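K.L.:
In my numbering, the protein residues as written are 119 to 942.
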């Protein structure tokens with residue numbers, strides 16, 4: 119039994135020796151694989167940095183020296199490995215050889231993530247401190263962040279190079295050696311150098327660079343030096359680590375003291391030569407600089423003089439432009455006011471019994487007034503374009519409506535000229551687009567007016583065609599063709615120049631400012647379009663306008679579902695406009711201090727079956743509205759009146775009532791007036807001088823909408839249905855709707871806030887609560903709208919939410935008003 123145990127023990131030992139064969143070489147335990155590696159590759163081809171003093175360098179005799187060289191000498195003694203040093207290369211060249219596999223190992227290198235892709239690294243065997251080196255005069259540098267924006271020297275392909283790449287704000291200057299980088303800092307070529315303390319200190323002392331100082335990194339950790347080998351030689355890393363571990367502390371201290379404490383005699387010769395060269399260069403630079411400074415000072419003085427003159431000229435131009443704008447606005451107002459009286463009185467006079475000759479005089483007066491107004495409008499438009507103040511208002515619009523408006527306006531001129539008019543529209547064109555419909559109308563009206571004006575016989579054609587289509591963008595052509603007097607090539611060249619017409623006789627024969635087509639050209643350019651002109655003298659003219667417009671898919675789809683024949687479009691050419699008579703008497707408060715205008719508007723309202731209430735100033739208008747507010751359906755407000763102007767009067771009236779329509783009547787047409795009107799609570803705007811038919815049409819439209827809204831309010835709360843739901847218990851019904859009012863009076867504001875902040879879930883809960891109770895009290899329309907809004911909120915359909923919220927809020931507010939009235 120004992121023999122068996124002994125044999126078993128011997129067997130286990132033998133097996134262990136086979137599996138874990140270890141050989142001790144000079145107190146270093148190496149595996150069989152490591153021994154086999156050294157046998158197969160006894161000489162290691164080593165790449166070194168020839169100027170990495172004192173760690174490693176090649177001296178003047180071509181010998182490999184330094185701290186690392188002494189370490190490797192001990193490694194050779196302990197392992198038997200021999201190192202063949204690749205000499206006479208710069209560090210970047212050596213590093214490139216290592217990347218290509220032409221050397222087996224690099225003796226002293228920092229470890230980075232990038233380098234780990236190419237090399238295997240030993241354990242760190244030497245630590246050093248990374249520092250900043252600057253001239254001793256650069257005391258503002260105290261940390262690495264202070265180097266942002268400056269040029270900093272660093273050795274190419276060193277670990278410090280990789281480190282500084284993480285600071286993109288620092289401009290790097292790459293040098294092949296630390297020595298060259300330090301010289302650049304000492305001579306002022308570079309702001310600073312970043313490297314290791316040991317090498318830097320050694321070179322500064324040995325080269326006598328006494329004007330340099332060190333700046334340490336407060337947050338920087340110590341850096342390490344590694345032995346790096348090709349990735350296909352892992353055994354070499356293990357051998358090196360084991361050899362380095364076997365080196366005693368005393369041996370390491372001795373090597374360190376040998377190089378770090380080295381007291382080298384300083385050779386000041388190179389430094390003196392460098393300083394002499396630098397001094398000479400500085401003297402030359404100072405001389406040249408002095409010459410250029412004197413010259414530049416003179417140039418600066420001249421430029422300042424020119425700049426002052428330019429600023430003065432700009433100030434004078436701005437002042438002149440401001441005066442021009444003020445003059446045009448004032449002129450417009452002063453001319454429009456009497457023009458309104460002329461057109462109004464002419465219209466009223468034409469309604470009376472007059473002789474044929476008198477009627478001809480009236481027509482002449484009307485035509486002269488229209489021509490004058492057209493010229494004023496052209497001048498104002500051109501002034502805005504010239505000042506760059508024309509902005510496009512991109513909204514969804516109906517193309518048929520635009521064409522209808524244009525044809526409607528020119529119809530009376532076509533009838534006067536007794537010419538034919540034809541309209542064609544490509545059936546492939548959709549009807550709803552995004553764009554500035556008012557500007558498109560203005561462009562078409564200008565060109566059509568010219569076509570009609572210059573065509574004494576024959577016809578005028580308006581053709582709207584489709585040129586091409588790209589996704590939701592349509593390329594449209596608007597063609598206006600006439601059989602009029604035509605133009606020569608010379609006239610076409612000057613056609614778009616302001617204040618210039620085809621020839622000098624045109625103004626005498628046909629009138630006009632000569633601005634219309636210049637305005638058209640500027641507006642078309644603003645819309646990104648083009649204009650083509652084809653014309654011959656005596657054969658007529660053709661104008662083609664090309665515009666690219668985006669389709670409004672949503673409204674177009676709705677339009678297609680509800681499309682119907684539009685026979686009224688062309689027939690409107692011969693349609694007579696007649697002021698509407700209403701089935702009830704409306705009362706309009708007229709606030710106007712000008713007696714002539716007051717008489718005209720009063721007469722026009724009475725002819726349309728509307729009862730006017732006259733106020734001679736703003737104060738009287740407010741007082742009359744307070745007295746008759748239950749009966750006043752609309753307010754016509756002149757803006758410039760004594761005692762209280764129209765703006766203040768409107769603000770006071772708005773405090774009394776939020777609903778009554780207020781229509782401004784003014785000769786001011788500048789955009790700032792419209793903005794001021796809106797801030798004062800004015801809903802609508804009629805520009806003087808106005809066409810009587812257009813004036814009455816506008817008033818009728820506003821009153822009809824207000825009447826329709828009142829009728830709609832009545833149907834919002836179905837009291838019969840609500841009472842039925844409460845068992846016809848009136849007391850209970852009143853109690854329920856009273857609670858409904860208290861609970862929901864703040865909902866419109868809360869809901870608007872929740873939707874604006876995209877808290878759709880919370881908004882949906884509010885709407886659900888109202889929907890549940892609205893059906894019970896008989897608010898069926900509000901119930902249906904709430905249901906649709908809740909579904910849109912649940913599915914977060916933003917476009918539907920915005921539209922439904924507006925309808926829901928309007929219905930809820932009217933509902934709450936109805937409940938208030940019902941409770942009273």
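We put the CB at the ideal spot given by N, CA and C, even for glycine. Since we're looking at a predicted model, the values are computed, not measured.
Go through its chain and collect everything with a Cβ distance to residue 654's Cβ below 6 Å, but skip five positions before and after it.
P.N.:
The residues are 604.
K.L.:
Taking only the alpha-carbon atoms, compute the straight-line gap between residue 945 and residue 536 and give it to the nearest angstrom.
P.N.:
No answer is possible for residue 945: the residues shown for the chain start at 119 and end at 942.
K.L.:
Have a look at residue 406 and residue 413 and give me their C-alpha separation to the nearest angstrom.
P.N.:
For residue 406 and residue 413, the distance between alpha carbons rounds to 11 Å.
K.L.:
Which one of 248, 209, 815 has the shortest CA to CA distance from residue 293?
P.N.:
With distances taken between Cα atoms, residue 293 lies closest to 209.
K.L.:
Using the three-state DSSP reduction, which class does residue 758 fall into: helix, strand or coil?
P.N.:
In the structure shown, residue 758 sits in coil (DSSP, three-state: anything other than H, G, I, E or B).
K.L.:
How far does the beta strand (DSSP E) with residue 704 in it reach, from first residue to last?
P.N.:
Looking at the DSSP string, the run of the beta strand (DSSP E) that includes residue 704 is 704-709.
K.L.:
Can you find the residues in the same chain that come closer than 7 Å, C-beta to C-beta, to residue 134, ignoring five residues on each side of it along the sequence?
P.N.:
Reliability fails at residue 134, whose pLDDT of 45 lies under 50, so the model's placement of it is uncertain and no value is given.
K.L.:
Runs of 3 residues minimum, wholly inside the segment 231-280: which ones carry the beta strand (DSSP E) assignment?
P.N.:
Entirely contained in the segment 231-280, the beta strand (DSSP E) runs reaching 3 residues are, in chain order, 237-239, 244-246, 248-253, 269-273.
K.L.:
Among 592, 166, 703, 731, which has the Cα closest to the Cα of residue 709?
P.N.:
Of 592, 166, 703, 731, the residue nearest in Cα terms is 731.
K.L.:
Are any of the Cβ atoms in chain D nearer than 9 Å to that of residue 179?
P.N.:
Absent from the structure is chain D; it holds one protein chain and no more.
K.L.:
Just to confirm the assignment, what range does the beta strand (DSSP E) spanning residue 765 have?
P.N.:
Taken as a continuous stretch (DSSP letters only), residue 765 belongs to no beta strand (DSSP E), being part of the alpha helix (DSSP H) at 764-774.
K.L.:
Let me check understanding here. Comparing Cα to Cα, which of 551, 571, 773, 663 lies closest to residue 669?
P.N.:
Measuring from the Cα of residue 669, the nearest candidate turns out to be 551.
K.L.:
Starting from the N-terminal side, write out each stretch of the beta strand (DSSP E) that is 3 residues or longer and does not extend beyond the segment 526-586.
P.N.:
Segments of the beta strand (DSSP E) lying fully in the segment 526-586: 538-543, 550-553.
K.L.:
Does the beta carbon of residue 226 fall short of 8 Å from some heavy atom of the ligand SAH?
P.N.:
Although the ligand SAH was asked about, the structure shown includes no ligands whatsoever.
K.L.:
Provide the residue span of the beta strand (DSSP E) that contains residue 304, from first to last.
P.N.:
Where residue 304 is concerned, there is no enclosing beta strand (DSSP E), although the alpha helix (DSSP H) it sits in stretches over 296-304.
K.L.:
For the beta strand (DSSP E) holding residue 514, just list the boundary residues, first then last.
P.N.:
Note, residue 514: beta strand (DSSP E), 513-516.
K.L.:
Would you call the CB atoms of residue 598 and residue 661 closer than 9 Å?
P.N.:
Result yes, Cβ atoms of residue 598 and residue 661 sit closer than 9 Å.
K.L.:
Roughly how many angstroms separate the alpha carbons of residue 479 and residue 795, rounded to a whole number?
P.N.:
Between residue 479 and residue 795, the C-alpha separation is close to 37 Å.
K.L.:
Between the Cα of residue 546 and the Cα atoms of 592, 532, 557, which residue gives the shortest distance?
P.N.:
Checking every option, the nearest Cα to that of residue 546 belongs to 592.
K.L.:
Measure the alpha-carbon distance for residue 722 versus residue 664 and round it to whole angstroms.
P.N.:
C-alpha separation (whole angstroms): 42 Å.
K.L.:
In the structure shown, what three-state DSSP assignment does residue 932 receive?
P.N.:
Helix, per DSSP.
K.L.:
According to DSSP, simplified to helix, strand and coil, what is residue 284?
P.N.:
Coil.
K.L.:
Any idea what DSSP makes of residue 418, helix, strand or coil?
P.N.:
Residue 418 falls in the helix class under three-state DSSP.
K.L.:
Any idea if residue 736 is buried or exposed, counting beta-carbon neighbours within 10 angstroms, 16 or more meaning buried?
P.N.:
Answer is buried; the Cβ neighbour count reaches 16.
K.L.:
How many Å lie between residue 858 and residue 851 at the Cα?
P.N.:
Computed Cα separation, rounded: 10 Å.
K.L.:
Grab the span of the beta strand (DSSP E) containing residue 225 for me, first residue to last.
P.N.:
Element bounds for residue 225: 223-227.
K.L.:
Could you tell me if residue 617 is buried or exposed, where buried requires 16 or more neighbouring beta carbons within 10 angstroms of its beta carbon?
P.N.:
Caution applies to residue 617, whose pLDDT of 49 falls short of 50 and renders its modelled position unreliable; the model cannot decide the point.
K.L.:
Since residue 600 sits in a beta bridge, which residues does DSSP pair it with?
P.N.:
For residue 600, which the question treats as bridged, DSSP gives the partners 578.
K.L.:
Going by DSSP, what residues sit across from residue 595 in a beta bridge?
P.N.:
Answer is 583, 664.
K.L.:
Determine the contact status of residue 557 and residue 641, defining contact as a CB-CB distance below 9 Å.
P.N.:
For residue 557 and residue 641, yes; Cβs fall inside 9 Å.
K.L.:
For the putative contact between residue 171 and residue 250, defined by C-beta atoms under 8 Å, what is the C-beta separation to the nearest angstrom?
P.N.:
The Cβ separation is near 19 Å, so there is no contact.
K.L.:
If residue 896 and residue 811 are in contact, beta carbons under 8 Å, what's the gap, nearest whole angstrom?
P.N.:
That belief does not hold up - the Cβ atoms of residue 896 and residue 811 are roughly 43 Å apart, past 8 Å.
K.L.:
Suppose contacts are defined by Cβ-Cβ distances below 9 Å. Is residue 462 in contact with residue 513 by that definition?
P.N.:
Not a contact, by the Cβ cut-off of 9 Å.
K.L.:
For residue 577, which residues in the same chain have their Cβ closer than 8 Å to its Cβ, ignoring the five residues on either side in sequence?
P.N.:
Result list for residue 577: 537, 538, 539, 540, 600, 601, in chain order.
K.L.:
Please specify which runs of the alpha helix (DSSP H), each continuous and at least 4 residues long, are wholly inside the segment 706-748, giving them in chain order.
P.N.:
Runs of the alpha helix (DSSP H) inside the segment 706-748: 713-725, 736-746.
K.L.:
On the CB-based measure, 16 or more other CB atoms within 10 Å of its CB, does residue 233 come out buried or exposed?
P.N.:
Under this definition residue 233 is a buried residue.
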